[in-house]
Amino acid sequence: MQFEYLTETTERLEVKPMNTEDYEQWVKGYAGRAMPQSPFDEGCLEISHYSKAWFQRLIVQQQALIQSDDTYVFGVFRKADGVHLGNFNLVTLARQHFQWAECGYAIHNQFWRQGYAYEAFTAIFKIAKRLKYHRLEAHVHPGNHASIALLKKCGFEYECTRTQFIFENGEWTDRLVYYINLNDTPPLHPTSF
């Protein structure tokens, strides 16, 4: 398996770079999404135009980003049945003296409130350490209280507010920056799922 060193399992999950064999489960995960459950949830997505050929091109792009140490995209799969639960990513912000990455995450809304995001973070932290990242940060909309609570539960700390940081929905919006220094972080407790 290519990129095996980037695969990590937990009690219920396998977190790994996706490959072309993941297409069917990827489609099922996105197709099963419920209506939006918060202002930060895309809800149901039209995915009929995402063919297997399109997915294969996506995987090639993601693998090239991994090889360039730019972006690492991980699928989150339930071990028991292979269901695609969502995605995490690590985007390299700086290497050399910093070893710094941004962490993004999204769990399909039909799987919310089951502890999957927290559990996936336990795997992501191990992978990030393997990739020699020292610091991870997450950029969160100030109103996304569920995401903020998740980050705090995982050990992230509030650092600052980046004012008018990203242009979305026709306006510049703020982002809260939460960070974690991986060298200082005890492992998450799997009993907290």
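In the numbering used here, the protein residues as written are -14 to 178. Every residue, glycine too, gets a C-beta built ideally from N, C-alpha and C. Because the structure is a prediction, the values reported are computed rather than measured.
{"Check": "Among residues of its own chain, excluding the 5 on either side of residue 8, which ones have a beta-carbon nearer than 7 Å to its beta-carbon?", "Outcome": "37, 40"}
{"Check": "Cβ of residue 63 within 8 Å of Cβ of residue 120?", "Outcome": "no"}
{"Check": "Using 10 angstroms around the beta-carbon of residue 11, count the other beta-carbons present and answer buried if the total reaches 16, otherwise exposed.", "Outcome": "buried"}
{"Check": "Which of the three DSSP states, helix, strand or coil, is assigned to residue 182?", "Outcome": "The requested residue 182 is not part of the displayed model; the chain covers only -14 to 178."}
{"Check": "Name the DSSP beta bridge partners of residue 4, please?", "Outcome": "Looking at the DSSP assignment, residue 4 forms no beta bridge with any residue, so it has no partner."}
{"Check": "Just to confirm my understanding: we take residue 1, look at its own chain, exclude 5 residues before and 5 after, and list those with CB closer than 7 Å. What are they?", "Outcome": "-9, -8, 59, 60"}
{"Check": "Which whole runs of the beta strand (DSSP E) in the region 69 to 156 are 3 residues long or more, in chain order?", "Outcome": "69 to 79, 85 to 92, 120 to 125, 142 to 153"}
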